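For the protein sequence lines, the chains are D and E, in the order given.
Here this note's numbering = 1-based position in the first sequence + 5.
Here this note's numbering = 1-based position in the second sequence + 5.
Cβ coordinates follow ideal geometry from the N, Cα and C atoms, glycine included.
Values in this document were obtained by computation on a predicted structure and should not be read as measured data.
Report on the following structure.
There are 2 protein chains.
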Amino acid sequence: MDKQDIKILLVDDEPDILEIVGYNLSAEGYQIITAENGLQAVKKAKKEHPHLIILDVMMPEMDGIEACEQIRKIPSLKDTMITFLTARGEDYSQVAGFDAGADDYITKPIKPKVLVSKVKALLRRYKQEEKEGMLKIGNLVIDRDEYKINLNGEEIILPRKEFELLSLLTSKPGKVFKRDEILDKVWGNEVIVGGRTIDVHIRKLREKIGDDSFRTVKGVGYKFVD
Amino acid sequence: MDKQDIKILLVDDEPDILEIVGYNLSAEGYQIITAENGLQAVKKAKKEHPHLIILDVMMPEMDGIEACEQIRKIPSLKDTMITFLTARGEDYSQVAGFDAGADDYITKPIKPKVLVSKVKALLRRYKQEEKEGMLKIGNLVIDRDEYKINLNGEEIILPRKEFELLSLLTSKPGKVFKRDEILDKVWGNEVIVGGRTIDVHIRKLREKIGDDSFRTVKGVGYKFVD
DNA sequence: TCTGTATGTTACCTTTTTGTTATATATTTT
DNA sequence: AAAATATATAACAAAAAGGTAACATACAGA
């Protein structure tokens, strides 16, 4: 994702802070939105879907802690990062902040360089987070983002359907996935495929990953075993 | 196993990280032990037998990768889970980590919620009872998700009808299921099968599970007894 | 467009599961 | 105890389910 596409919501009741922080982050190329209290912050967050919210703890109307809690309740914002602005040495705010679901905190007074580097770090993490779909089962590593797997250190690229099938089965090792379920999750309910389609794909996975990993449960479906 | 009984060894050279991670995991009810470098980590691991080790990659004295390798060599710790703390985007650490025998990794900076949920996921294996669809009766464990049963620690795979019949009878141990009822629930009302079909299936279960577990109630049906 | 890969289909084979039959055994009733 | 009824068992038969190979189609990239 490009910097220009990243929105940061800045929340503080002191215009000075808004300006100085806003200036520094704009200079870095981020899109800045501001709010002056918790209430406004929650509203704007809901509307604008920022990637990062920088929240002052002490504010009129609704303080940062509460705003944070509110925001964390909004499902569409679950991937949004939240960081607090706290006065130095306010241990309480930090703990309370993490409890409320914050990801980091920045201490006042604000040093522009520290601020910018923290923000960069947080957003880098954001990018990371999006890419975090790694699953390890025994000697098999599945990278859901890159659609590839790693078996005993050897990289294998699987066709999409095979990958998705593997991905489904490994999502709950041991659990038997019924044919219906597989069809639904991998092919989609609308698509109608022949009765042998799943088998064929299982066979291909067996060839590539290993015979023993996929157990047939006759009359029911398939399961992945460790 | 109860949460209070689960020990987590936390290894990082930055006191801040130890504190924040420790705080969050303590809050979840886990027992926390800490170490500041790889050497200490290996020592403490050997002594304390933690269930999970959270290991920073970059540390003085001995880095996380090496510590992990050392720990993996200790037979008594073979069931211990190890997860790394890696800095953003360090693909190298991830691969090297898995190579060294790690089970997962967590990216820095740490997001408390992600941390906690990852830890929970990793430790789930210690809490077997939480699994849904598991039924324990005496020395018999019936796992409806995995379509398998476990008798005195030995795994037995049953064909579908047998599994369903067993599943039905054990759903209310002691209760007599009438033949009609069994036919209805296991075969479905529409299907018409001969009069000896149930008996034959009961016989097969008796062969596999044990004669005494299935009592015939003449003129009525069958029941499962503990 | 051509080419190669991915996906899906078909037909046939093998195995397993399921059900039936005939007979033996047990239980109850008369 | 004999008859009637119900269940157990073994051997067998039928059906279902899955495996496989070869082929067909779709689709993406050169």
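Endpoints, beta strand (DSSP E) assigned at residue i
i	result
E160 (chain D)	E159 to I162
V181 (chain D)	V181 to K183
K12 (chain D)	K12 to V16
A40 (chain E)	Q36 to A40
G226 (chain D)	G226 to F229
D141 (chain D)	Before going further, note that residue 141 (chain D) is Lys rather than Asp in the sequence given. That run of the beta strand (DSSP E) goes M139 to I142.
A72 (chain D)	Element bounds for A72 (chain D): not the beta strand (DSSP E) but the alpha helix (DSSP H), G69 to R77.
K125 (chain E)	No beta strand (DSSP E) contains K125 (chain E), which is instead part of the alpha helix (DSSP H) from P117 to L128.
Chain E within 8 Å of residue i, Cβ atoms only
i	result
V121 (chain D)	no
G232 (chain D)	In the structure as shown, chain D begins at 6 and stops at 231. Residue 232 (chain D) is therefore absent and cannot be evaluated.
P20 (chain D)	no
S218 (chain D)	no
Residue from the options whose Cα sits closest to the Cα of residue i
i	options	result
E66 (chain D)	D:K52, D:G43, D:I38 and D:L60	D:G43
I59 (chain D)	D:Y110, D:W192 and D:M139	D:Y110
S31 (chain D)	D:I187, D:A40, D:A46 and D:L15	D:L15
E186 (chain E)	E:D150, E:G27, E:P178 and E:G226	E:G226
D166 (chain D)	D:R149, D:E53 and D:G215	Reading off the sequence, residue 166 (chain D) comes out as Lys, not Asp. Closest by alpha carbon: D:R149.
S176 (chain D)	D:E159, D:K141, D:I11 and D:D61	D:K141
K153 (chain D)	D:D204, D:V62 and D:K213	D:K213
P164 (chain D)	D:G200, D:L156, D:K209 and D:S218	D:K209
G193 (chain E)	E:L170, E:P55 and E:G215	E:L170
E24 (chain D)	D:A46, D:N144, D:I115 and D:V62	D:I115
P117 (chain D)	D:G224, D:E160, D:N29 and D:G106	D:N29
D21 (chain E)	E:K12, E:T39 and E:G34	E:T39
D61 (chain E)	E:E71, E:H54 and E:P55	E:E71
E19 (chain E)	E:I11, E:M64, E:V191 and E:H56	E:M64
I11 (chain D)	D:C73, D:I197 and D:E53	D:E53
Backbone secondary structure at residue i - three-state DSSP
i	result
Y152 (chain E)	coil
G215 (chain D)	coil
V222 (chain E)	strand
I203 (chain D)	helix
I187 (chain D)	helix
T85 (chain D)	coil
A107 (chain D)	coil
I59 (chain E)	strand
Where the alpha helix (DSSP H) containing residue i begins and where it ends
i	result
G27 (chain E)	P20 to A32
K52 (chain D)	G43 to E53
K166 (chain D)	R165 to S176
Contact with chain D by residue i, beta-carbon distance below 8 Å
i	result
R165 (chain E)	yes
K78 (chain E)	no
K48 (chain E)	no
K116 (chain E)	yes
Residue i: contacting residues in chain D (beta-carbon distance under 7 Å)
i	result
Y152 (chain E)	V181, V222 and V225
D108 (chain E)	K141
Per-residue contacts from residue i into chain E (C-beta, under 7 Å)
i	result
K228 (chain D)	E151
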